[in-house]
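Protein chains in written order, with my numbering: chain A, 114 to 686; chain B, 298 to 492. Ideal Cβ placement from N, Cα and C applies to all residues, glycine included. Have a look at the structure below, then the notes.
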């Protein structure tokens with residue numbers, strides 16, 4: 114399939130809307146799929162928070178429906194399942210499909226001037242594999258003994274048959290395996306597409322930064338999802354065939370046994386790059402959006418690319434900071450500590466470039482821009498607290514406390530989510546041909562960022578006070594009882610945060626069908642995707658465009674009364 | 298034959314590069330998957346003083362060696378077949394068929410190796426060494442089985458004239474994956490039986 118083909122538009126319903134190979138349809142499928150799971154994972158978070166603030170009290174509204182056996186009370190086993198599935202769902206079925214699946218698919222061909230992904234069939238397979246993974250994950254919640262209780266990290270020996278007997282854990286591992294497979298398929302497609310299908314004239318340094326973010330994410334996906342895939346295979350073998358990869362010798366009667374710490378190595382070799390898999394697309398998108406809405410060129414474009422590249426490289430060699438408390442040798446631990454700290458250098462460069470991009474710009478404070486600036490804010494909070502977790506001496510105290518929960522929610526969860534929201538508000542007019550309500554978008558932003566900051570910053574305080582994560586009932590330990598009011602504050606803010614997302618859901622659904630018709634280029638930006646008519650035709654571009662200028666040529670003095678220029682136009686001499 | 302292929306539409310050279318690039322990234326990705334399994338081997342081996350652990354039944358060295366020779370021969374046959382297929386020289390179909398049959402023979406040798414070890418009392422449940430041996434060879438064999446189906450598919454395509462000098466990239470990419478399976482096996486063989 115070369116770049117200049119126009120494959121015929123399918124006419125049957127199934128080929129057009131369900132088993133479509135068109136990247137735009139697949140992007141929308143990923144979007145709806147991700148949003149649905151975000152809703153389920155979010156509801157789980159609300160139930161977890163309810164239990165923590167009101168231990169042993171029946172859950173209002175949904176309790177009798179979901180936990181009828183216990184009269185609406187979340188029992189300890191169910192609580193374990195909730196936090197395990199919350200993590201798994203949000204990471205693998207919520208954020209990954211939206212940020213990488215939906216916006217990777219949407220942005221890559223349109224922004225580089227291609228008619229489709231390079232392997233359209235592989236693209237479709239990628240989506241249906243993640244659907245299968247999601248269904249397996251969903252099914253695992255309804256088997257005898259219920260879903261897995263071993264935490265989203267699935268550490269052995271808790272995750273082997275020694276710790277969890279039910280088939281929920283096996284199905285969980287299978288689901289993660291399938292979702293990983295889907296990401297690898299997507300990753301191979303993205304990299305090859307970006308290398309091969311860029312429009313004539315679009316050099317590497319003429320690509321929007323979104324594409325750079327997607328490229329680095331795809332590289333990490335292709336390299337590190339196989340690692341978790343193999344780890345899940347070994348875990349499944351341990352559970353199904355009785356091998357002893359992760360079960361110590363003392364438990365089984367073998368000549369030599371396995372090693373639970375081996376799993377932690379395999380998991381975090383994947384797990385740390387996974388953080389950047391989620392954040393790099395958001396960084397790329399935000400780097401573009403800040404420039405678009407500040408009406409200024411992105412400050413230090415090449416340096417931003419270099420910094421993202423450095424983060425991609427470093428992300429592969431820092432995973433040991435998740436394992437400081439496992440008895441890592443001092444030299445290894447200190448190396449990981451140093452490498453982790455070095456990530457703050459490219460991190461700072463990105464912050465500097467973002468702030469310099471909006472500095473003295475003619476800011477247009479749209480919802481997309483607000484959420485982009487929100488990414489800077491929440492990632493700043495999360496990134497700075499990361500320093501305490503990278504330092505061995507403080508990490509040993511803070512390990513497995515709510516400090517960690519606050520930190521990773523601000524970095525990988527909130528930042529990625531804000532990036533996704535920014536992208537949804539920004540691309541919605543092109544994707545669905547209608548405008549979202551800006552008024553509701555702004556209400557959504559402020560009712561999200563304020564409670565979100567309260568939720569996770571309160572967790573820093575309770576974590577610093579020694580509150581461990583994953584406990585069912587903090588009031589049962591006398592030393593934690595004085596901190597219970599912090600749990601109440603967190604939960605109250607979390608409920609406001611949860612309710613605010615209903616504004617978004619309403620805005621999304623309302624705008625999808627009843628929003629104002631969108632013009633071709635409502636934001637007045639120059640990237641190739643906005644040169645297409647709305648709705649985007651089946652073949653994207655009638656003629657493959659020829660690129661003459663960079664993606665961020667705003668407020669160029671030669672432009673006269675207009676402050677932007679399309680990438681297909683030449684700057685006046 | 299030569300006149301027939303001349304009339305067939307030739308594949309776009311750009312498309313050839315695209316699919317080859319895709320296969321290279323795929324193999325790069327799968328190297329990480331097998332690399333992870335191999336890392337497990339190294340870490341578990343490092344945890345005990347004596348390797349292989351004393352007093353356990355070891356897999357049959359002669360059978361494994363025979364399998365290795367057969368698989369290397371298969372790879373060589375496939376390589377020779379692709380070289381002929383690219384230029385249209387005779388022997389494309391027969392060499393590919395030889396590679397396929399040798400691949401199937403490796404599958405037989407591998408199955409025999411497992412049953413031989415099971416009969417001697419070495420089971421996947423017996424301990425770390427056996428877990429590694431069965432687990433790693435299972436994953437490799439599952440990929441070999443899928444690759445064999447691809448080899449058969451291409452054999453059929455060569456017979457029907459679908460593949461030839463006019464259309465070679467699928468053949469080349471499948472061969473590349475087959476050589477990759479070969480490399481993985483050689484690493485496993487050397488680790489379990491030689492070093």
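Within the segment 359-413 of chain A, the alpha helix (DSSP H) runs of at least 4 residues that lie entirely inside it are, in chain order, 373-407.
Chain-ordered listing is empty here: chain A has no CB closer than 7 Å to the CB of residue 450(B), the nearest sitting near 16 Å. Of all alpha-carbon atoms in 365(B), 327(B), 381(B), 343(B), the one lying nearest the alpha-carbon of residue 483(B) is that of 365(B).
The segment 407-417 of chain B makes no contact with the segment 386-394 of chain B: fewer than 3 CB pairs, one atom from each, lie closer than 8 Å.
Annotation: the continuous alpha helix (DSSP H) that includes residue 222(A) extends over 216-225. Partner residues in the beta bridge of residue 547(A), as assigned by DSSP, are 630(A). Going by DSSP, residue 194(A) is part of the alpha helix (DSSP H) stretching over 189-201.
Assignment of residue 356(B) by DSSP, reduced to helix, strand and coil, places it in the coil class. The beta carbon of residue 313(A) does not come within 8 Å of any beta carbon belonging to chain B, so the residue lies off that interface.
Excluding residues up to 5 positions away in sequence, 536 lie with their Cβ nearer than 6 Å to the Cβ of residue 216(A) in the same chain. Residue 151(A) sits away from residue 200(A), with the two beta carbons spaced by 8 Å or more.
The beta carbon of residue 322(B) falls within 8 Å of a beta carbon belonging to chain A, placing the residue at that interface. For residue 581(A), the pairing in a beta bridge is given by DSSP as 514(A).
Only residues of its own chain outside the window of five on either side were considered, and among them 397 have a CB closer than 7 Å to the CB of residue 449(B), listed in chain order. Residues of chain B whose Cβ lies closer than 9 Å to the Cβ of residue 339(A) are, in chain order, 326, 327, 328, 329, 330, 331, 332, 333. About 7 Å separates the Cβ atoms of residue 356(B) and residue 489(B), confirming a contact at the 8 Å cut-off.
Under the DSSP assignment, residue 651(A) falls outside any alpha helix (DSSP H); it carries neither an H nor an E label. Around the beta carbon of residue 680(A), 16 or more other beta carbons lie within 10 angstroms, which makes this residue buried.
In this structure, residue 433(A) places its C-beta atom within 8 Å of the C-beta atom of residue 441(A). Looking at the backbone, the Cα of residue 474(A) and that of residue 155(A) are separated by about 36 Å. By the CB criterion at 8 Å, residue 539(A) and residue 381(A) fall outside the cutoff. Your pair residue 631(A) and residue 552(A) does not check out as a contact, with CB atoms roughly 16 Å apart and the cut at 8 Å. DSSP lists 464(B) as the bridge partner or partners of residue 461(B). Distance check between residue 346(A) and each of 331(A), 293(A), 333(A) places 293(A) closest, using alpha-carbon atoms only.
Note that the segment 210-229 of chain A touches the segment 639-646 of chain A; at least 3 beta-carbon pairs, one per stretch, sit closer than 8 Å. With a beta-carbon spacing of about 13 Å, residue 178(A) and residue 187(A) fall beyond the 8 Å limit used to define contacts.
At a cut-off of 8 Å between beta-carbon atoms, residue 461(B) makes no contact with chain A. For residue 128(A), no alpha helix (DSSP H) encloses it, and the DSSP letter there is neither H nor E. Residue contact with chain B for residue 136(A): absent (no Cβ-Cβ distance below 8 Å to any residue of chain B). The beta carbon of residue 422(B) sits closer than 8 Å to some beta carbon of chain A.
Between residue 478(B) and residue 441(B) the beta-carbon gap is near 5 Å, inside 8 Å, which marks them as a contact. Pairing residue 520(A) with residue 480(A), the inter-Cα distance amounts to about 25 Å. At a C-beta separation below 7 Å, residue 350(A) has these neighbours in chain B: 432. Taking all protein chains shown into account, residue 439(A) has fewer than 16 neighbouring C-beta atoms within 10 Å of its C-beta and is therefore exposed.
DSSP places residue 402(B) inside the alpha helix (DSSP H), whose first and last residues are 389-416.
In the three-state DSSP reduction, residue 286(A) falls in the helix class (H, G or I).
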